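**Student:**
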Amino acid sequence: MTEREIPEDALALSHRCPWCGRQLDLVSEVDLESPEIFAARQPTPGAASFDIACGEFSIFDDDLRLRKPTDAELVEIANNPVCRRLRDAYVRMLIERATKQT
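Numbered as in this note's numbering, the sequence shown ends at 160 without a single skipped number.
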C-alpha cells in the first residue's frame with residue numbers, strides 16, 4: 059500500500075480531533091482484541107480511535123463523530139493491553155524522531 063492509498067476497512071471522513079483540533083482525513087477503529095496493534099477496522103459507535111498527531115485516544119459517538127472519552131472510558135483505555143502497546147509505540151516514535159533531530 060502506498061502512502062496515499064486508503065485501506066478498504068478504514069472510514070474516510072472529515073473529522074477534527076477533539077483533543078488537538080487537527081483535521082483528520084482518515085479514521086479507523088482500534089481493534090482492542092487484535093494482537094496486531096494497527097489492525098484497522100470500520101468504526102462502530104463506542105469504539106476507540108487514536109490520533110497519531112497528538113497521541114490521544116478518542117471515542118466514536120452514535121453518529122461516528124469523534125469525542126473525548128469519559129473518565130470511565132479513559133480507565134478502560136489505560137487498562138487495555140492493545141491501547142498500551144499503541145501508546146508505547148507512539149512514544150517510541152517520538153523519541154526516535156527527537157534523537158534524530160539532535
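For every residue, glycine included, the Cβ atom is placed at its ideal position computed from N, Cα and C. Quick caveat: nothing in here was measured; it's all calculated off a predicted structure.
Quick check on DSSP: helix, strand or coil for residue 111?
**Tutor:** It is coil, neither helix nor strand.
**Student:** Do residue 87 and residue 101 have their beta-carbon atoms positioned less than 7 Å apart in this structure?
**Tutor:** Against a cut-off of 7 Å, the Cβ pair of residue 87 and residue 101 comes out as a contact.
**Student:** So for residue 134, helix, strand or coil by DSSP?
**Tutor:** DSSP places residue 134 in helix when its eight states are reduced to three.
**Student:** Could you please give me the residues that DSSP links to residue 124 through a beta bridge?
**Tutor:** BP columns for residue 124 point to 118.
**Student:** Report all residues from its chain with a CB closer than 6 Å to the CB of residue 121; omit the five preceding and five following residues, and keep chain order.
**Tutor:** Around residue 121: no qualifying Cβ.
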